[in-house]
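Numbering (this note's numbering), first residue to last: 347 to 732. A virtual CB, placed ideally from N, CA and C, is assigned to each residue, including glycine.
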């Protein structure tokens, strides 16, 4: 597992070096006033081999509820908790946010990203640790360009807001990648010789959009939880916020969080629109196939009608009612005296078949349309008959 450590020296200076996660977490409690950023990218193999991530150490740094963010397949989450001393002051603040993103390159080619941020803040010691996990390059770049100033770091929620702002760019890429898959399908049906419809691909794309809708809905709820918790903390601990003189910073962070929530809402609407567009394409594809099948059946019916008279005549003259024989070199055409039996049986049977079909097809409609439903008429005294 690769871990990078950044620590603030002054307002605009950060030191960077490769670090060991275990040592950094052990040394954090003994560090002076500072802000430490840890960037880690982990794989399933590194999780199985890390004593920190597998909770083999009884004094592990992370709370138990945080480990599913590392080890489980989540679609997003937000958590916040803090310790309050007897005097009512906050001594420790712990929170984390997790987002899930799916990038679909082609109907059968895609990639999942599960990224998170963990924040631990000790306001009395002015000490803060921020742990980023599996950041996509674009999110890491955004955070590097928008690191909060020292007066902003007194608000632990600012890290979650910046993290969410960077993740929104990944969600935007995810939705546009789906659009780039759907749009060629929409354009292909207008070509002079459109390609054959690939229904498995359409259903794969639909699955990707379902996942996009799911993760965006969870992300929007996650951000709303962040907004609610930040407002609750600001209202409950006004004295702590005023002590650091950063009330405006908290208001600004809330405003940014609302802006990110609006962006997620817009992406959610676009994703739902893509779902409707794809559903429209699938319905159109089914209709086109049904139309083609109907045209083929019509062709088969016409061909059958062309050959039907010949088939009937050949079958009729192939019966024993007719006999073509030779007598002294001359051909004789002999028709049986019982030929009337053929018509006596065939005509009633044909008529009965037509009547059965007509009754099956039209009689239920006739009942529903012309025969009124039976109604129970009330008696003169107003009582009804059961």
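Whole angstroms are fine: how far does the CA of residue 566 sit from the CA of residue 350? CA-to-CA, the gap between residue 350 and residue 566 works out to about 29 Å.
Which term fits residue 404, buried or exposed, when burial requires 16 or more other beta carbons within 10 angstroms of its beta carbon? Confidence at residue 404 is low in this model, with a pLDDT of 47, below 50, so the placement of that residue should be treated as unreliable; the coordinate-derived value is given next. Exposed, since its Cβ has fewer than 16 Cβ neighbours within 10 Å.
Can you give the Cα-Cα distance for residue 470 and residue 527, rounded to whole angstroms? Those two C-alpha atoms are separated by around 52 Å.
Need the endpoints of the beta strand (DSSP E) that residue 456 sits in, please. Segment 455 to 468, the beta strand (DSSP E) holding residue 456.
For the alpha helix (DSSP H) holding residue 570, just list the boundary residues, first then last. Looking at the DSSP string, the run of the alpha helix (DSSP H) that includes residue 570 is 545 to 582.
Please classify residue 363 as buried or exposed, where buried requires at least 16 other C-beta atoms within 10 Å of its C-beta. Classification of residue 363: exposed, given that the 10 Å Cβ count is below 16.
To the nearest angstrom, how far is the alpha carbon of residue 556 from that of residue 703? Taking the straight line joining both Cα atoms gives about 45 Å.
For the putative contact between residue 488 and residue 511, defined by C-beta atoms under 8 Å, what is the C-beta separation to the nearest angstrom? Between residue 488 and residue 511 the beta-carbon gap is near 7 Å, inside 8 Å, which marks them as a contact.
According to DSSP, residue 351 sits in a beta bridge with which residue or residues? Its beta-bridge partners are 363, 384.
Whole alpha helix (DSSP H) runs in the stretch 581 to 652 with 4 or more residues, listed along the chain? With a minimum length of 4 residues, the continuous alpha helix (DSSP H) runs that stay inside the stretch 581 to 652 are 584 to 590.
Which whole-angstrom value is the C-beta distance of residue 424 and residue 443, which I expect to be below 8 Å? Rounded, the Cβ-Cβ distance is 5 Å, consistent with contact.
Sheet register partners of residue 475 (DSSP bridge): In the DSSP assignment, residue 475 is bridged to 382, 466.
Contact check, residue 367 vs residue 386 under 8 Å by CB: the rounded distance? Approximately 6 Å separates the beta-carbon atoms of residue 367 and residue 386; this is inside 8 Å, confirming the contact.
Which term fits residue 692, buried or exposed, when burial requires 16 or more other beta carbons within 10 angstroms of its beta carbon? With fewer than 16 Cβ atoms within 10 Å of its Cβ, residue 692 is classed as exposed.
Nonlocal neighbours in the same chain, by C-beta distance under 7 Å from residue 539, ignoring five residues either side: Within the same chain, no residue comes within 7 Å of residue 539 by CB-CB distance, once the 5 residues on both sides are set aside.
Compute the Euclidean distance between the alpha carbons of residue 417 and residue 480, then round it to the nearest angstrom. Going from the Cα of residue 417 to the Cα of residue 480 covers about 12 Å.
Quick one: Cα of residue 638 to Cα of residue 554, how far? For residue 638 and residue 554, the distance between alpha carbons rounds to 29 Å.
Determine, using beta carbons only, whether residue 601 comes closer than 9 Å to chain B. Looking at the structure shown, chain B is missing, and only one protein chain is on hand.
Does the stretch 485 to 503 touch the stretch 579 to 595, meaning 3 or more C-beta pairs lie closer than 8 Å? With three or more CB-CB distances shorter than 8 Å, the stretch 579 to 595 counts as touching the stretch 485 to 503.
What residue range is occupied by the uninterrupted alpha helix (DSSP H) comprising residue 417? Here the alpha helix (DSSP H) through residue 417 covers 413 to 417.
Identity of the residues DSSP links to residue 452 by a beta bridge: Residue 452 is bridged to 455.
Who does residue 429 pair with in a DSSP beta bridge? Answer is 438, bridged to residue 429.
Which whole-angstrom value describes the C-beta separation of residue 671 and residue 680, a residue pair presumed to lie in contact below a C-beta threshold of 8 Å? Correct: roughly 7 Å between the Cβ atoms.
Candidates 520, 545, 369, 656: closest to residue 625 by CA position: Closest option to residue 625, judged by alpha-carbon separation, among 520, 545, 369, 656: 545.
Let me know the secondary structure DSSP gives residue 443 once reduced to three states. Annotated three-state conformation of residue 443 is strand, per DSSP.
Kindly list the residues whose CB is nearer than 8 Å to the CB of residue 666, restricted to its own chain and excluding five residues on each side of it in sequence; keep chain order. Counting only Cβ-Cβ distances below 8 Å, and skipping sequence neighbours, we find 682.
Between the Cα of residue 379 and those of 427, 433, 468, spot the shortest distance and give me the residue it belongs to. Of the candidates 427, 433, 468, the one whose C-alpha sits nearest the C-alpha of residue 379 is 468.
Are the CB atoms of residue 508 and residue 602 within a distance shorter than 9 Å? The answer is yes: Cβ separation under 9 Å.
Three-state secondary structure (DSSP) of residue 408: The answer is coil: DSSP assigns residue 408 none of H, G, I, E or B.
Residue burial classification, residue 448 (beta-carbon count within 10 angstroms, cutoff 16): Buried: at least 16 other Cβ atoms inside 10 Å.
In the DSSP assignment, find the alpha helix (DSSP H) that holds residue 685 and state where it starts and stops. Counted as a single uninterrupted DSSP element, the stretch harbouring residue 685 is not any alpha helix (DSSP H), since DSSP gives it neither H nor E.
Compare the beta carbon distance of residue 381 and residue 474 with 9 Å and say whether it is the shorter of the two. In this structure, residue 381 places its C-beta atom within 9 Å of the C-beta atom of residue 474.
How about residue 561 and residue 407: do their beta carbons lie closer than 9 Å? Not in contact: residue 561 and residue 407 (Cβ atoms no closer than 9 Å).
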